[in-house]
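All residue numbers for the sequence shown refer to this note's numbering, where the first residue is 47 and numbers rise by one.
C-beta: ideal position from N, C-alpha, C; glycine also.
For clarity, every value in this text was computed on a predicted model and none was experimentally measured.
Quick notes on the structure that follows.
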Amino acid sequence: MKRLLVIIDGMEDLPYPELDGKTPLSFASSLQKARLLPPISHTPPGREPDSLACILFMLGAPPHSIPHGRAFVEAAAHGIHMREEDLAMRLNAVGVENGILVKNGVDTNVSTNIGADVSAPFEIRKLDGYRHILIAPGGKKYADTLVTFAPHQNIGRPVRELTCAGNDLGLALKEMTLALLQRYENTTYMPWSPSVYVPLPSFREVSGLCGAVVARADVVIGIARLMGMDDYIPEGATGDVDTQLAAKTEAALACVSRYDFTLLHINGADEASHRKKPREKALFIQRIDREVLEPLLRHLPPGCELTVTSDHASLCQTGAHGTMKVSRFLWMR
Ligand SMILES: [Zn+2]
47 MKRLLVIIDG MEDLPYPELD GKTPLSFASS LQKARLLPPI SHTPPGREPD SLACILFMLG
107 APPHSIPHGR AFVEAAAHGI HMREEDLAMR LNAVGVENGI LVKNGVDTNV STNIGADVSA
167 PFEIRKLDGY RHILIAPGGK KYADTLVTFA PHQNIGRPVR ELTCAGNDLG LALKEMTLAL
227 LQRYENTTYM PWSPSVYVPL PSFREVSGLC GAVVARADVV IGIARLMGMD DYIPEGATGD
287 VDTQLAAKTE AALACVSRYD FTLLHINGAD EASHRKKPRE KALFIQRIDR EVLEPLLRHL
347 PPGCELTVTS DHASLCQTGA HGTMKVSRFL WMR
């Protein structure tokens, strides 16, 4: 039997007045007509709900094998080689005014050359927009005592209070942040979310199946590569609400014909939740209905099981992930 799992990232949510008192899902989707399974939590025991932990858990990775930081997973998505003794970190270009952190995420030209700007022995790779990966060679031994600050959680605080600390690596990273601030005045780079390389189990080993992933989000592509699954990034996929859903549907259908198991990951609903936009989220789910679920139900081969769920809840009310259970829908073709 073929299996297709569609993860609508952060789909589960609360009801909102602007959606006539409905949740984005119930406002927008005909999913209610499908066979509904009991709600479930995909969050591994003792972990916070985030895509890395939840999707790995859904793919059958044992909880103890699920890493905490995601930078090394995103590095894998970009083909960045990391050794076991290295440390990977997220590195955000941030906006600064009068020494105060005012904006997380500045897409500037200086960031494209940041690797060349830094005299410290870090490998820095721009991912997209303001996001970078920093690899500290031999940095694993500093991981446990390194102190970092997430830029998006510290807007309004002095940058000098938010530089890395805790050990020699923290000191080198602090010098980098301050030197770049001196050079660019209103922009600097903040490393955060350190992660060490953790071997992930192969998908074939945990499931006995040959699997493929259709996605655009780095964390999902990285999961696929580290678990030995084939990955497909359809043209026009953006990881947000402006994505080309039809291209994703087509890629998923092609995978179903070739693999036992296909994961189709759709990210935009989570992004709309972080922006606290219930209407944007509902309209995107409406598009998923039309451009993904309807064609899938028309074209999936007989004997195929289709499951639609979300990895975790994302709440437009708070702009953060939620801990409530998520809906699951099942069709047998
Ligand atoms: Zn999220």
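Check your understanding: In whole angstroms, what separates the C-alpha of Met275 from that of Thr353?
Key -> About 19 angstroms.
**Study point:** Best match in Ile179, His345 and Met135 for proximity to Ser303 [C-alpha to C-alpha]
**Key:** Here the closest residue by C-alpha is His345.
Check your understanding: Do Ala360 and ligand 1 come close, with the Cβ less than 7 angstroms from some heavy atom?
Key -> One detail in the question is off: residue 360 reads as Ser in this sequence, not Ala. Residue side-chain check: Ser360 places its Cβ nearer than 7 angstroms to a non-hydrogen atom of ligand 1.
Exercise for review: Tell whether a beta-carbon distance below 8 angstroms holds between Ser319 and Pro85.
Suggested key: In this structure, Ser319 keeps its C-beta atom at 8 angstroms or more from the C-beta atom of Pro85.
Practice item. Look at the Cβ atom of Gly56, then the Cβ atom of Leu133, and state whether they are nearer than 8 angstroms. Key: Cβ atoms of Gly56 and Leu133: not closer than 8 angstroms.
Review point. Can you tell which of Ile112, Pro197, Pro108 and Tyr176 has the C-alpha that lies nearest to the C-alpha of Asp96?
Key: Comparing C-alpha distances from Asp96 to each of Ile112, Pro197, Pro108 and Tyr176 shows the shortest one belongs to Ile112.
Review point. Are the Cβ atoms of Gly325 and Thr289 separated by less than 8 angstroms?
Key: Strictly speaking, residue 325 in this sequence is Arg, with Gly absent from that position. Contact flag unset, no.
Exercise for review: Report the residue from His358, Ile267, Glu221 and Asn213 whose alpha carbon sits nearest the alpha carbon of Arg206.
Suggested key: Out of His358, Ile267, Glu221 and Asn213, Glu221 has the C-alpha closest to the C-alpha of Arg206.
Practice item. Might you give, ordered along the chain, the residues of its own chain that have their beta carbon closer than 8 angstroms to the beta carbon of Glu351, omitting 5 neighbours on each side? Key: Taking Glu351 as the centre and dropping the five residues before and after it, the same chain places the C-beta of Met47, Lys48, Arg49, Leu50, Leu376, Trp377, Met378 and Arg379 closer than 8 angstroms to its C-beta, in chain order.
**Study point:** Bridge partner(s) assigned by DSSP for Asp174
**Key:** Looking at the DSSP output, Asp174 bridges to Arg177.
Review point. When you compare each of Thr369, Leu329 and Glu296 to Glu64 by their alpha carbons, which one comes out closest?
Key: Between Glu64 and the set Thr369, Leu329 and Glu296, the nearest pair of CA atoms involves Leu329.
Exercise for review: Rounded to whole angstroms, what's the CA-CA distance from Asn144 to Met135? Just pull it up for me.
Suggested key: Distance between the alpha carbons of Asn144 and Met135 is about 26 angstroms.
Check your understanding: According to DSSP, is Asp335 helix, strand or coil?
Key -> In this structure, Asp335 counts as helix in the three-state DSSP scheme.
Practice item. With DSSP collapsed to three states, give me the class of Phe103. Key: Secondary structure of Phe103 (DSSP, three-state): helix.
Check your understanding: Expressed to the nearest angstrom, what Euclidean distance is found between the alpha-carbon atoms of His127 and Thr69?
Key -> For His127 and Thr69, the distance between alpha carbons rounds to 42 angstroms.
**Study point:** Coil, strand or helix - Ser303 by DSSP
**Key:** Looking at Ser303 - three-state DSSP - the assignment turns out to be helix.
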